[in-house]
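Enquirer: Residue numbers (my numbering): 85 to 933.
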RNA sequence: GCCGAAGUGGCGGAACUGGCAGACGCGCGCGACUCAAAAUCGCGUUCCCUCGGGAUUGUGGGUUCGAGUCCCACCUUCGGCACCA
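(1) Quick check: what's the CA-CA separation for residue 171 versus residue 925?
(2) Which of the three DSSP states, helix, strand or coil, is assigned to residue 686?
(3) Measure the beta-carbon distance from residue 432 to residue 411 and round it to whole angstroms, keeping in mind my assumption that it falls under 8 Å.
(4) Would DSSP call residue 375 helix, strand or coil?
(5) Ignoring anything shorter than 4 residues, give me the alpha helix (DSSP H) runs that lie fully in the stretch 272-310, in order along the chain.
(6) What's the call for residue 113, buried or exposed, on a 16-neighbour Cβ count within 10 Å?
(7) For residue 521, which residues of its own chain have a beta-carbon under 6 Å away from its beta-carbon, when the five flanking residues on both sides are left out?
(8) Buried or exposed for residue 546, please, with buried defined as at least 16 other CB atoms from any protein chain shown within 10 angstroms of its CB.
(9) Under a Cβ-count criterion, where at least 16 other Cβ atoms within 10 Å of its own Cβ denotes burial, should residue 895 be classed as buried or exposed?
(10) Secondary structure at residue 133, three-state DSSP: helix, strand or coil?
(11) Could you give the distance in angstroms between the alpha-carbon of residue 497 and the alpha-carbon of residue 458?
(12) State yes or no: is the C-beta of residue 681 within less than 8 Å of the C-beta of residue 724?
(13) Taking residue 878 as the reference, which of 845, 153 and 929 has the closest Cα?
(14) State buried or exposed for residue 590, treating a residue as buried only when at least 16 other CB atoms are found within 10 Å of its CB.
(15) If distances are taken between C-alpha atoms only, which option among 438, 479 and 469 comes closest to residue 455?
(16) Can you tell me where the alpha helix (DSSP H) with residue 196 in it begins and where it stops?
(17) When you compare only the Cα positions, how much space is there between residue 367 and residue 388?
(18) What is the rounded straight-line gap between the Cα of residue 372 and the Cα of residue 428?
(19) CA-CA distance, residue 581 and residue 249?
(20) Would a C-beta distance cut-off of 8 Å place residue 567 and residue 583 closer than the cut-off?
(21) Closer than 8 Å is the cut-off here; do at least three beta carbon pairs connect the stretch 315-322 with the stretch 663-675?
(22) Residue 804 lies in the alpha helix (DSSP H); which residues open and close that run?
(23) With a Cβ-Cβ cutoff of 8 Å, do residue 228 and residue 179 count as a contact?
(24) To the nearest angstrom, how far is the alpha carbon of residue 307 from that of residue 331?
(25) Could you check what DSSP says for residue 545 in three-state terms: helix, strand or coil?
(26) Please state the DSSP three-state secondary structure of residue 791.
(27) Measuring alpha carbon to alpha carbon, tell me which residue in 301, 492 and 297 is nearest residue 251.
(28) Kindly indicate which three-state DSSP category residue 493 falls into: helix, strand or coil?
(29) Indicate the three-state DSSP secondary structure (helix, strand or coil) for residue 394 in the structure shown.
(30) Where residue 652 and residue 206 are concerned, what is the direct C-alpha to C-alpha distance, given to the nearest angstrom?
(31) So residue 290 and residue 276 are supposed to be a Cβ contact under 8 Å. How far apart are they, rounded?
(32) Measuring CB to CB, does residue 628 end up less than 8 Å from residue 615?
(33) DSSP three-state call for residue 568: helix, strand or coil?
(34) Over the uninterrupted alpha helix (DSSP H) stretch that includes residue 115, give me the two end residues.
(35) Nearest to residue 265 by alpha carbon, out of 294, 922 and 607?
(36) Buried or exposed, going by whether 16 or more other CB atoms sit within 10 Å of the CB of residue 935?
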């Protein structure tokens with residue numbers, strides 16, 4: 085772009101509109117597949133290790149093999165692709181890999197509903213999705229493709245399981261599952277329907293059943309997972325993860341039941357211990373049976389029946405009326421030796437803390453509601469600052485704040501600042517409790533009682549117990565020949581021979597684990613498999629790892645904020661501690677996109693009939709238009725409704741680019757003509773050329789900045805503005821100039837990441853060398869922005885009254901003089917002298933009276 | 001109930017660090033081309049008005065020479081969820 089803007093060079097034919105050459109129609113259906121084939125044949129987007137260039141690992145969340153790619157995938161991946169392409173043109177060695185998350189429940193549902201084997205269904209879907217992904221024209225690094233259901237992939241998923249097992253991070257314990265007693269099968273949360281909690285298939289009320297299942301010790305990493313300092317991740321995701329981990333600091337305290345069983349509780353408010361007037365256990369707490377007296381047994385049984393079918397979410401609903409029942413048992417509060425009644429209630433969860441609480445109704449709202457409902461004692465032990473002493477009889481709600489301890493035995497009078505610490509010291513000195521940290525985060529349950537997943541590579545030997553399948557026997561292959569019963573247990577359990585094996589240690593008969601792994605296992609490490617997807621010796625090639633990792637940018641839906649994105653961080657840290665990976669985090673930068681809704685503003689669904697099929701849109705407009713529209717029409721992080729009307733603006737724009745570029749191409753090929761054109765270049769054209777130059781560089785600046793910042797809608801508007809600038813330039817007679825042609829080329833280069841096919845086609849027709857996607861990104865020249873005259877806004881009392889054209893470097897004194905010359909300004913001053921003048925260089929002058 | 005995000009023309013959305021609100025489009029109106037229509041191109045388009053202006057970024061306050069942007073209180077919509085002891 086180094087040229088003298090004021091030297092307008094005219095050549096060839098004069099530019100009368102009617103002299104414009106006729107040009108070919110824009111036919112994306114012909115152009116797009118042609119270039120897609122060429123790029124793939126050339127391996128244009130296959131990135132290899134190149135130490136001479138900085139790398140960039142651009143990752144977009146791998147799609148689930150649900151059937152078709154929907155427009156939401158395009159919305160997630162298309163703009164990501166544009167940014168990856170931009171970074172390539174900037175000189176980075178970019179890999180933008182793709183793969184498939186292929187295990188999971190929908191494949192089994194399809195098998196049961198339609199009698200298709202999950203494998204057949206899944207791989208047919210993958211074929212179709214590959215075709216659709218190719219039609220996007222994204223710079224996919226196809227040789228890196230990985231499919232999580234391939235044995236060459238899940239072999240290593242199993243290997244990672246065994247590594248975790250070997251390092252004590254995988255263990256088995258009893259845990260409840262939702263169970264349909266009629267179908268005799270485990271149900272996923274989404275298969276339990278409605279408030280009534282009925283089985284999706286047979287509408288039987290679901291029950292809880294305890295099964296022995298595998299867990300990963302993610303809680304070991306809870307504190308480290310709270311540290312986001314090395315990450316450029318969106319604030320809402322960091323907040324969600326922080327809340328999910330839910331670290332709270334307090335104390336563990338041991339109460340003692342009448343029969344001498346310790347009942348441990350966790351509290352964040354040990355300073356309220358003297359106000360504990362009862363205890364509440366979760367209904368499933370192991371001591372409930374022992375505490376319940378004969379007299380209360382029937383009532384407790386009835387309550388258990390009623391609560392244990394509910395989901396945690398139902399139990400925890402805030403607006404729900406408190407419920408509970410007295411066990412008849414009591415426990416001793418260790419700080420004062422007082423006997424308090426022990427209740428059970430569904431608002432205490434077995435899965436949080438110890439499953440038991442000390443209830444302090446005066447200072448906890450839930451306990452307060454419970455106490456008032458069941459007539460239990462309310463005893464204030466905290467005096468809030470600056471308020472009168474609380475009176476239990478007249479309180480209408482709990483007072484949860486900190487304050488001076490009162491009625492608290494030896495600690496009475498302890499001020500708020502020291503209350504918690506002093507109580508913990510007291511507990512520790514008496515040996516009845518200690519300071520403790522509690523997390524909401526639970527260990528990751530990975531067992532699934534399903535077929536379509538990676539089998540858990542563990543063998544049960546009567547002699548040796550849980551035995552790891554040796555490395556050389558991996559993968560534990562999923563058998564294809566299984567019976568598809570519409571109901572019942574996992575086919576692996578029912579398979580006649582599969583589960584029968586021998587113990588790797590003693591060689592005697594043993595049984596395989598018949599559960600499979602949570603598919604979040606696969607997605608926790610797939611980004612590593614992309615590094616060397618066909619490596620048969622190791623999960624990934626360390627030299628590839630050293631070059632490419634960590635992932636530089638990761639894009640995907642915000643719905644993965646807590647599950648997938650915590651699991652993958654945990655996985656990485658656990659592998660790091662085993663010496664398998666390096667660095668503390670797998671993904672440096674994360675950005676989330678929103679969702680595309682149907683034209684009616686509702687979530688797309690087949691039953692609503694508002695689904696937008698990308699194949700149909702590509703057939704109608706071409707992939708370039710669909711990509712550009714998805715970038716232009718929405719804030720990427722927000723999403724919004726699909727609009728058949730709004731896409732028309734993008735259709736027109738792409739056609740305009742096509743026309744302008746082809747006109748330029750025709751002129752370039754025309755023989756040099758009338759030299760008179762040069763002589764005719766007047767001062768008006770020089771100014772127009774200067775303007776076009778400025779607008780071209782404005783576009784370079786904005787497109788670069790906005791692609792970097794994931795602000796895709798303004799990328800397109802900047803490109804449209806440059807297109808408009810070219811139209812204006814053409815009208816001003818610049819079409820024959822070198823400057824015009826350079827601007828056309830710049831427009832194509834800037835548009836290349838957005839609309840890769842049409843720009844490649846036009847680039848070729850302009851006679852430029854293949855490929856536009858291997859060209860350097862245009863550089864911004866600040867000189868182009870320099871202007872002699874600027875519009876200065878003149879305000880009176882902060883209101884805009886006039887705009888005056890002034891020299892760019894105008895001083896305050898001069899600006900004031902010029903402003904006072906304005907009739908409009910003088911009228912609004914009404915003869916008064918400005919009391920204050922605010923001058924903002926290059927922008928405005930504000931006269932205050 | 002809690003957490004998070006967002007409220008700007010008829011619509012989607014712009015607006016740097018507090019400095020011209022409404023960029024870029026859609027839609028609509030007018031015009032050119034056409035026998036006509038479509039397509040295309042050009043012009044206009046926040047609202048009100050006594051044509052001087054006035055009002056305007058969910059609502060009400062505040063800070064400031066100046067607020068879509070900062071502060072306080074509130075309302076609405078969307079998303080998520082965990083009564084977290």
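All C-beta atoms in this analysis are idealised placements derived from N, C-alpha and C, irrespective of residue type, glycine included. Just so we're clear, the structure is a prediction, and the values are computed from it rather than from any experiment.
Expert: A quick look at the data gives this:
(1) Looking at the backbone, the Cα of residue 171 and that of residue 925 are separated by about 35 Å.
(2) In this structure, DSSP gives residue 686 a state outside helix and strand, which the three-state scheme calls coil.
(3) With a Cβ gap of about 13 Å, residue 432 and residue 411 do not count as contacting.
(4) Helix, per DSSP.
(5) As far as the stretch 272-310 is concerned, its whole alpha helix (DSSP H) runs of at least 4 residues are 306-309.
(6) Classification for residue 113: exposed.
(7) Shown here for residue 521: same chain residues with a beta carbon closer than 6 Å to its own, the five before and five after excluded, namely 333 in chain order.
(8) Exposed, since its Cβ has fewer than 16 Cβ neighbours within 10 Å.
(9) Answer is exposed; the Cβ neighbour count stays below 16.
(10) Note: residue 133 maps to coil in three-state DSSP.
(11) C-alpha separation (whole angstroms): 31 Å.
(12) Yes, Cβ-Cβ distance for residue 681 and residue 724 is below 8 Å.
(13) 929 is the residue among 845, 153 and 929 whose C-alpha sits nearest the C-alpha of residue 878.
(14) Its Cβ having fewer than 16 others within 10 Å, residue 590 is exposed.
(15) Nearest C-alpha to residue 455: 479.
(16) Taken as a continuous stretch (DSSP letters only), the alpha helix (DSSP H) holding residue 196 covers 189-198.
(17) Taking the straight line joining both Cα atoms gives about 6 Å.
(18) Our two residues, residue 372 and residue 428, have alpha carbons roughly 8 Å apart in a direct line.
(19) Between residue 581 and residue 249, the C-alpha separation is close to 26 Å.
(20) Not closer than 8 Å, so no.
(21) Flag = yes, the stretch 315-322 and the stretch 663-675 touch.
(22) That run of the alpha helix (DSSP H) goes 796-815.
(23) Taking a C-beta distance under 8 Å as the contact criterion, residue 228 and residue 179 qualify as a contact pair.
(24) Cα to Cα, the separation comes out at about 8 Å.
(25) It is a strand residue.
(26) Helix.
(27) Nearest of 301, 492 and 297 to residue 251, Cα basis: 301.
(28) If DSSP states are grouped into helix, strand and coil, residue 493 belongs with the helices.
(29) Coil at residue 394, not helix or strand.
(30) Between residue 652 and residue 206, the alpha-carbon positions lie close to 24 Å from each other.
(31) So it is a contact: roughly 5 Å between Cβ atoms.
(32) In contact: residue 628 and residue 615 (Cβ atoms closer than 8 Å).
(33) Here residue 568 sits in coil by DSSP.
(34) Residues 112-126.
(35) The residue from 294, 922 and 607 with its alpha-carbon nearest to that of residue 265 is 294.
(36) The structure shown does not extend to residue 935, since the chain is modelled only from 85 to 933, so the question has no answer here.
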